[in-house]
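S.K.:
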């Protein structure tokens, strides 16, 4: 129970850069930092001003005005998807944090993106020799999605907007010049983050996010197994059934859950 998980320290493209040879907490690559920032996507700016100072010791900013300006100029302010940009100017780095399920629209987005995957996985698990369906599930989901998805849903999907924003940040929108951009999120936010991470080629840390592997062909543009495995990491507590929707990426970490076993969603 005291053995640290190998992914508690993230490297190989996920680490925050070091300034002047320092190794203080605000330049670490702790998994806990990403988990913290994914939780801060739910909070107001006034709360984040305090919590960011307490956690990182200064140097990390909740870029509320930056996100607001981009959403106004891109015409996406009416979309219910919600995300924040946390910047560390001294490190020339930024983290896009996507909020998870909080409103009715968020739950509808969950159904839109992962309901069909969940049904396909249940059929696979309940059918003898159900594993034989695994290679064709992405193709079946693509066919089903092409029939039921409207053009408006394609244009207004949560991941469409977050991918546009990530690309804008990486391209220097607003005069920013971040050389290191990351994405994080929890639950639905983690799932959307993984989709955008694979689409934009941005290192992504998801906390309990439903996976993009099985539904990879329903997205616009579609994902490849290589783009998922090269950019995405998912932290999955035991008995977290939501995080198992959509299939796990190559890089993931199973973890213990301290919630009681009669609590169905306590590990999510």
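Residue numbers (my numbering): 6 to 273.
Glycine included, each C-beta is placed from N, C-alpha and C at the ideal position.
(1) Buried or exposed, going by whether 16 or more other CB atoms sit within 10 Å of the CB of residue 100?
(2) Quick check on residue 166: does DSSP put it in helix, strand or coil?
(3) In the structure shown, what three-state DSSP assignment does residue 259 receive?
(4) What's the call for residue 120, buried or exposed, on a 16-neighbour Cβ count within 10 Å?
(5) Less than 6 Å between C-beta atoms, sequence neighbours within five positions excluded: which residues of the same chain meet that for residue 199?
(6) DSSP beta-bridge partners for residue 194?
(7) With a threshold of 8 Å, are at least 3 pairs of Cβ atoms found where one atom belongs to the segment 173-190 and the other to the segment 250-260?
(8) Leaving out five residues before and five after residue 288 in sequence, what residues of the same chain have Cβ atoms less than 7 Å from its Cβ?
(9) If I follow the unbroken beta strand (DSSP E) through residue 89, where does it start and stop?
(10) What residues in its chain sit with their C-beta under 6 Å from that of residue 27, if we drop five residues either side in the sequence?
(11) Name the residue from 68, 54, 69 whose alpha carbon lies nearest to the alpha carbon of residue 62.
(12) If you draw a straight line from the alpha carbon of residue 79 to that of residue 176, how long is it in whole angstroms?
(13) When you compare only the Cα positions, how much space is there between residue 221 and residue 228?
M.R.: The short version:
(1) Per the 10 Å Cβ criterion, buried.
(2) Helix.
(3) Looking at residue 259 - three-state DSSP - the assignment turns out to be strand.
(4) Result: exposed.
(5) So the qualifying residues of the chain are 209, 211, 214, 217, 237.
(6) Answer is none; residue 194 lacks a bridge partner.
(7) A contact is defined here as three or more CB-CB pairs under 8 Å, and the segment 173-190 fails this definition with respect to the segment 250-260.
(8) Outside the displayed span of the chain (6 to 273) sits residue 288, for which this structure offers no information.
(9) Element bounds for residue 89: 88-93.
(10) Confidence at residue 27 is low in this model, with a pLDDT of 49, below 50, so its placement is unreliable and the value that follows should be read with caution. Excluding positions up to five away in sequence, the list is empty.
(11) Selected option, being the one with the closest Cα: 54.
(12) Looking at the two C-alpha atoms, the distance is approximately 15 Å.
(13) Taken atom to atom, the span from the alpha-carbon of residue 221 to that of residue 228 is near 5 Å.
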